[in-house]
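Yeah, the sequence shown ends on 375 if you go by this note's numbering, and it's all consecutive. Just so you know, even glycine gets a beta-carbon here, dropped at the ideal spot from N, CA and C.
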Amino acid sequence: MRVAFTLEQCWHPVPGGTAVAALELARALLERDDVELVGVAARHREAAPDPWRPPIPVAQLPLPRLMLYESWHRLRRPSVERATGPVDVVHATGIAMPPATRPVVSTVHDLSYLDYPQMFSRAGLRFFRRALELTLAEATLVLCSSLATLARCHAAGFDETRLRHVPLGVRVDPVTDDQVHAARARLGLERDYVLWTGTIEPRKNLGGLLRAFAQVEPAVDLALVGPAGWNEDLEAVLSSLPEDVRGRVHRLGWVSRDDLGALYAGASAFCFPSILEGFGFPVVEAMAHGTPVVTSTGTSTEELVADGAGLAVDPADTDAIAEALTGVLADEELAARLSAAGRMRAAEYTWDRTAALVEQAYADAAG
Numbered sequence: 009m010r011v012a013f014t015l016e017q018c019w020h021p022v023p024g025g026t027a028v029a030a031l032e033l034a035r036a037l038l039e040r041d042d043v044e045l046v047g048v049a050a051r052h053r054e055a056a057p058d059p060w061r062p063p064i065p066v067a068q069l070p071l072p073r074l075m076l077y078e079s080w081h082r083l084r085r086p087s088v089e090r091a092t093g094p095v096d097v098v099h100a101t102g103i104a105m106p107p108a109t110r111p112v113v114s115t116v117h118d119l120s121y122l123d124y125p126q127m128f129s130r131a132g133l134r135f136f137r138r139a140l141e142l143t144l145a146e147a148t149l150v151l152c153s154s155l156a157t158l159a160r161c162h163a164a165g166f167d168e169t170r171l172r173h174v175p176l177g178v179r180v181d182p183v184t185d186d187q188v189h190a191a192r193a194r195l196g197l198e199r200d201y202v203l204w205t206g207t208i209e210p211r212k213n214l215g216g217l218l219r220a221f222a223q224v225e226p227a228v229d230l231a232l233v234g235p236a237g238w239n240e241d242l243e244a245v246l247s248s249l250p251e252d253v254r255g256r257v258h259r260l261g262w263v264s265r266d267d268l269g270a271l272y273a274g275a276s277a278f279c280f281p282s283i284l285e286g287f288g289f290p291v292v293e294a295m296a297h298g299t300p301v302v303t304s305t306g307t308s309t310e311e312l313v314a315d316g317a318g319l320a321v322d323p324a325d326t327d328a329i330a331e332a333l334t335g336v337l338a339d340e341e342l343a344a345r346l347s348a349a350g351r352m353r354a355a356e357y358t359w360d361r362t363a364a365l366v367e368q369a370y371a372d373a374a375g
């Protein structure tokens, strides 16, 4: 089966989780015998930068990104087959919805723009809502990264028969103590620390995390890892905190994959009180490294830490975040229990399982 696989998000200024999911899925599908993938993207003069370079050939359409997205959503052309040649299925792995010249399988990670429109620009909302309208009208199957997303898609108008729960996977490399010590020294983390990682944007609730951290014992620092995104003035939140708290916050920005693994492994706890997630890569990655997790109720990450794999609290309750975090840091037995349970839970999330579910979705859509 030949599948056109959209990969334009690999060239976005902040590729984010949608690019991670698409690239890891592509790698897993390459291991299977019954699927041939051909990537499709807008016109680019250069290859996608590392670490976002696709593992499959990518055919380019004749329009640059913004013109391509506008043409897809308004004019419903050009078809992906103009670049890829004949295919059996089109997989829309990002938000943009290409023309349905063949059966379309669409991955939907979240519908956050419906629940929190104030967190997005007007242009962004127009784009997202048009994509949803087209996906509702034309997608043969919709793959949802979590049960929370599946329920939200059903509420948004998708028939249950078109929805599939397809959890994502996790890929982590073993980390040695020497690697942890080297990364901490290089990044200036001399004391024990709590870790957060992600793209800085409003739904990540960094303000809530920082205010909760201000209540945590002063012997522990906070490390923030990830690129700046949009609509979040982190400096304003930091400036509202006491000076001694600000001095314990390390803004590390983007770090290499190797350093990120070492930071997960070396952290005393991982705190991710996001308001809304489609899956929650950072939570699974932290658990895979054996790091105790504090995250949010009411969104997909609650599924990940269910049955004692982590702690989930109301992300709007700063005191609850601080209490859970303090408990993990102060109670060695609790931390060890969460560490062991988290590792076991993370082991269930494999890209091989994801690829098998996606391959079946391709066959069902084509059939």
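#1: What are the partner residues of Ala413, as DSSP defines its beta bridges?
#2: Spatial neighbours of Thr309 within its chain, please: CB distance less than 6 Å, with the 5 preceding and 5 following residues excluded, ordered by chain position.
#3: What is the C-beta distance between Val202 and Gly269, in whole angstroms, given that I count them as a contact (C-beta under 8 Å)?
#4: Using C-beta distances below 6 Å, list every residue in its chain close to Ala49, excluding the 5 sequence neighbours before and after it, in chain order.
#5: Rounded to whole angstroms, what is the Cα-Cα separation between Val46 and Ser154?
#6: Going along the chain, which residues of its own chain have a beta-carbon closer than 8 Å to the beta-carbon of Arg1, five neighbours each way excluded?
#7: Distance, Cα to Cα, Leu242 vs Gly255?
#8: Can you name the start and end residues of the beta strand (DSSP E) that Gln68 belongs to?
#9: Kindly list the residues whose CB is nearer than 7 Å to the CB of Arg40, restricted to its own chain and excluding five residues on each side of it in sequence; keep chain order.
#10: State the beta-bridge partners of Gly350 as determined by DSSP.
#11: Tell me whether the beta-carbon of Met75 lies closer than 8 Å to the beta-carbon of Val43.
#12: For the pair the segment 307-324 and the segment 269-282, tell me if three or more CB-CB distances fall below 8 Å.
#13: Per the DSSP calculation, Val150 is bridged to which residue(s)?
#14: Within the same chain, show all residues whose beta-carbon is closer than 8 Å to that of Glu78, passing over the 5 residues directly before and after it, in chain order.
#15: Got a sec, what are the start and stop residues for the alpha helix (DSSP H) Ala27 sits in?
#16: For Tyr272, count neighbouring C-beta atoms within 10 Å of its own C-beta (all shown protein chains included) and say buried if the count is 16 or more, exposed if not.
#17: Between the C-alpha atoms of Arg134 and Ile208, what's the straight-line distance to the nearest angstrom?
#18: For Tyr124, tell me which candidate among Tyr357, Pro210, Val95, Ala354 has the shortest Cα-Cα distance.
#19: Give the single residue among Ala91, Met352, Glu141, Leu217 whose Cα lies nearest to the Cα of Phe314.
#20: Is the segment 158-165 touching the segment 191-202, taking contact as three or more C-beta pairs under 8 Å?
#21: Note down the Cα distance separating Phe13 from Leu33, rounded to an integer number of angstroms.
#22: Per DSSP, which one or two residues make a beta bridge with Ser304?
#23: If you reduce the DSSP assignment to three classes, tell me which class Phe278 lands in.
#24: Does any heavy atom of the ligand NAD sit closer than 7 Å to the C-beta of Gly25?
#25: Round the Cβ separation of Cys18 and Ala29 to the nearest angstrom and send it over; I've been treating them as touching at under 8 Å.
#26: Trp204 bridges to which residues according to DSSP?
#27: Going by DSSP in three states, Thr14 sits in which element: helix, strand or coil?
#28: Is Trp80 closer than 8 Å to Pro106 when the C-beta atoms are compared?
#29: Looking at Leu218 and Leu260, is the spacing between their C-beta atoms short of 8 Å?
#30: Going by the DSSP bridge assignment, what does Arg259 pair with across the sheet?
#31: State the DSSP-derived secondary structure class of Gly216, mapped to helix, strand or coil.
#32: Rounding to the nearest angstrom, what Cα-Cα distance links Thr334 and Arg61 in this structure?
#33: Under a three-way DSSP split, which group does Val336 fall into?
#34: Can you give the Cα-Cα distance for Gly177 and Leu249, rounded to whole angstroms?
On the basis of the supplied data:
#1: No information on residue 413 is available, as it lies outside the stretch 9 to 375 that the chain covers here.
#2: Glu285, Gly288, Val291, Thr303
#3: With a contact defined as Cβ atoms closer than 8 Å, Val202 and Gly269 miss out at about 17 Å.
#4: In its chain, beyond the 5 residues on either side, Leu15, Glu16, Val66, Gln68 have a beta carbon closer than 6 Å to the beta carbon of Ala49.
#5: 26 Å
#6: Residue 1 cannot be examined here, being either before or after the span of the chain that is shown, 9 to 375.
#7: Computed Cα separation, rounded: 15 Å.
#8: Taken as a continuous stretch (DSSP letters only), the beta strand (DSSP E) holding Gln68 covers 66-68.
#9: Ala363, Glu367
#10: For Gly350, which the question treats as bridged, DSSP gives no partner whatsoever.
#11: no
#12: yes
#13: Ser114, Leu171
#14: none
#15: 24-38
#16: By the 10 Å Cβ count, Tyr272 comes out buried.
#17: 22 Å
#18: Out of Tyr357, Pro210, Val95, Ala354, the CA that lies nearest to the CA of Tyr124 is found in Pro210.
#19: Phe is not the amino acid found at residue 314; the sequence shown has Ala there. Nearest of Ala91, Met352, Glu141, Leu217 to Ala314, Cα basis: Met352.
#20: no
#21: 10 Å
#22: Val321
#23: In the structure shown, Phe278 sits in a strand (DSSP, three-state: E or B).
#24: The ligand NAD is not part of the structure shown, which contains no ligands of any sort.
#25: Taking the Cβ atoms as the reference, Cys18 lies roughly 11 Å from Ala29, outside the contact range of under 8 Å.
#26: DSSP output for Trp204 lists Leu232 as bridge partner(s).
#27: DSSP places Thr14 in strand when its eight states are reduced to three.
#28: Contact: yes.
#29: no
#30: The partner list for Arg259 (beta bridge, DSSP) reads Leu232.
#31: helix
#32: 40 Å
#33: helix
#34: Between the alpha carbons of Gly177 and Leu249 lies a distance of about 37 Å.
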